[in-house]
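A.B. asks: Residue numbers (the numbering used here): 11 to 325.
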Amino acid sequence: MKEDKIMPLVTTKNMFEKSMKEHFAIGAFNVNNMEIIQGIVDAAAEENSPVILQASSSAIKYARIGYLKKMIEAALEEHDIPIALHLDHGADFETCKMCIDNGFTSVMIDGSKYDFEENIAVTKQVVEYAHSKGVVVEAELGKLAGVEDEINVSASDAMYTDPDQAKEFVERTGCDSLAIAIGTSHGAYKFKGDAKLRFDILQKIKEKLPNTPIVLHGASTVIPELVEMCNQYGGNIPGAKGVPDEMLNEASKLGVSKINVDTDLRLAMTAAIRKTFAEDTSIFDPRKYMLPARELIQETVQHKIRDVFGSSNKA
Ligand code: G3H
Ligand code: 13P
Ligand code: ZN
11 MKEDKIMPLV
21 TTKNMFEKSM
31 KEHFAIGAFN
41 VNNMEIIQGI
51 VDAAAEENSP
61 VILQASSSAI
71 KYARIGYLKK
81 MIEAALEEHD
91 IPIALHLDHG
101 ADFETCKMCI
111 DNGFTSVMID
121 GSKYDFEENI
131 AVTKQVVEYA
141 HSKGVVVEAE
151 LGKLAGVEDE
161 INVSASDAMY
171 TDPDQAKEFV
181 ERTGCDSLAI
191 AIGTSHGAYK
201 FKGDAKLRFD
211 ILQKIKEKLP
221 NTPIVLHGAS
231 TVIPELVEMC
241 NQYGGNIPGA
251 KGVPDEMLNE
261 ASKLGVSKIN
271 VDTDLRLAMT
281 AAIRKTFAED
291 TSIFDPRKYM
301 LPARELIQET
311 VQHKIRDVFG
321 SSNKA
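Shown next, in the form of structure tokens:
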């Protein structure tokens, strides 16, 4: 434990301001259990980087909110870096309120399933409550496609975030950051052919909203070595494909402030556990397979922070 004062959880305000000024992105990593939290914060501390720990509703249901909070408190006692705790994909006002009341410093209200006016209404409601408690709000405009969605070109065009609407949305809701759709999608199967992101749309959005931090969901690389490792040791994840590192690096330079990563952590954990089991079938002590899992998560997160997002030494 640190001898000096313990750093409290922070909001994303200062880290985003710095990211926009200095053209780097901050990793927002999904957490579900102790080893994932430790792997991420150890990586961020090693790189002296700010970091966002985010929990989805299903992660909160799985780990239970009290455990998540206490484990993250423990991380703050150990490390001296800015850590924000964020609700990922809050489905409604009540979920956001519950997280705000439980000490989260940032929440996402995901109204992307609604039409424009309904999305504005629910986002405004969350912003009003969150700001009254000193909490920041991420909202979403546009729809993330899945590779399984068979959509024609004009339909897929309609799913991208419209830059004019984005400006109106931010002005009318007062949200603190905006998640946009420029071609990414959640999970391990993001592209059928080559990876393609609409950087032209990102640039137009940044022109209209130069001071609004932009968020990229569905931004895992689906690291080929990790997919290969899973498959080599008994997994079956054929044809998985994500956003290449160079594109994420480009996005962070073009004004994306927050890059969301879940799938790559799932792959790292699974790959390490599969390898351990395959190499020694006599193992049944969980520490023997959770330790390499935690180490591979740390290595994966450090690579992203250092080589892709550019947030090393920005704590
Ligand atoms: O965007 C979704 C995140 O990967 C969280 O997924 O709801 O299964 O925890 P989850
Ligand atoms: P990935 O599935 O690409 O890791 O995206 C995670 C995410 O966007 C969480 O909100
Ligand atoms: Zn997401």
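Glycine is no exception: its CB is placed at the ideal position from the N, C-alpha and C atoms.
Can you tell me whether DSSP reads residue 158 as helix, strand or coil?
C.D. replies: Its pLDDT being 48, under 50, residue 158 is placed unreliably in this model, and the value from its coordinates should be taken loosely. Three-state DSSP puts residue 158 in coil, outside helix and strand.
A.B. asks: According to DSSP, is residue 251 helix, strand or coil?
C.D. replies: DSSP places residue 251 in strand when its eight states are reduced to three.
A.B. asks: When you compare the CB positions of residue 137 and residue 184, do they come within less than 8 Å of one another, or not?
C.D. replies: Their beta carbons are under 8 Å apart, which means residue 137 touches residue 184 by this criterion.
A.B. asks: By Cβ distance below 6 Å, which residues in the same chain neighbour residue 32 in space, the five residues on each side in sequence not counted?
C.D. replies: Closer than 6 Å at the Cβ level, and outside the excluded window around residue 32, lies no residue.
A.B. asks: Residue 69 to residue 44, Cα distance in whole Å?
C.D. replies: Using only the alpha carbons, I get a separation of about 12 Å.
A.B. asks: How about residue 230 and residue 274: do their beta carbons lie closer than 8 Å?
C.D. replies: For residue 230 and residue 274, yes; Cβs fall inside 8 Å.
A.B. asks: What does the Cβ neighbour count give for residue 210, buried or exposed, with the cut at 16 atoms within 10 Å?
C.D. replies: Exposed.
A.B. asks: Helix or strand or just coil, what does DSSP make of residue 118?
C.D. replies: Residue state, collapsed to three classes: strand.
A.B. asks: Examine ligand 1 and report whether any of its heavy atoms sits within less than 7 Å of the Cβ of residue 43.
C.D. replies: Not so, every heavy atom of ligand 1 lies at least 7 Å from the Cβ.
A.B. asks: What are the boundary residues of the beta strand (DSSP E) that includes residue 129?
C.D. replies: From DSSP, residue 129 is part of no beta strand (DSSP E) but of the alpha helix (DSSP H) over 126-142.
A.B. asks: From residue 246 to residue 282, what distance separates their C-alpha atoms?
C.D. replies: Each residue's alpha carbon lies about 15 Å from the other.
A.B. asks: Quick check: is any heavy atom of ligand 2 less than 7 Å from the C-beta of residue 292?
C.D. replies: Answer for residue 292: no, Cβ out of range of ligand 2.
A.B. asks: Run through DSSP, which three-state label would residue 170 get?
C.D. replies: Coil, per DSSP.
A.B. asks: Using the C-alpha atoms, what's the distance from residue 48 back to residue 324?
C.D. replies: Answer to the nearest angstrom: the Cα atoms are 20 Å apart.
A.B. asks: For residue 100, which three-state DSSP category applies?
C.D. replies: The answer is strand: DSSP assigns residue 100 an E or B state.
A.B. asks: Are there 16 or more other CB atoms within 10 angstroms of the CB of residue 57, so buried, or fewer, so exposed?
C.D. replies: With 16 or more other Cβ atoms within 10 Å, it is buried.
A.B. asks: How long is the line joining the alpha carbons of residue 265 and residue 22, rounded to whole angstroms?
C.D. replies: In a straight line, the C-alpha of residue 265 is about 15 Å away from that of residue 22.
A.B. asks: According to DSSP, is residue 268 helix, strand or coil?
C.D. replies: Strand at residue 268.
A.B. asks: Taking the alpha-carbon positions, what's the residue 312 to residue 60 distance?
C.D. replies: Cα to Cα, residue 312 sits roughly 12 Å from residue 60.
A.B. asks: From the DSSP output, in three-state form, read off residue 237 for me.
C.D. replies: Reduced to three states, the DSSP call for residue 237 is helix.
A.B. asks: Can residue 92 and residue 180 be called in contact, C-beta distance under 8 Å?
C.D. replies: Going by C-beta atoms, residue 92 is not nearer than 8 Å to residue 180.
A.B. asks: Let's see if you can read the secondary structure: which residues bound the alpha helix (DSSP H) around residue 87?
C.D. replies: Run containing residue 87: 75-88, per the alpha helix (DSSP H) assignment.
A.B. asks: Does the beta carbon of residue 96 fall short of 7 Å from some heavy atom of ligand 1?
C.D. replies: No, the Cβ of residue 96 stays beyond 7 Å of every heavy atom of ligand 1.
A.B. asks: Which same chain residues, not among the five before or five after residue 177, have their C-beta less than 7 Å away from its C-beta?
C.D. replies: Excluding positions up to five away in sequence, the list reads 218 and 219.
A.B. asks: Look at the alpha carbon of residue 237 and the alpha carbon of residue 279, and state the distance between them as a whole number of angstroms.
C.D. replies: Using only the alpha carbons, I get a separation of about 11 Å.
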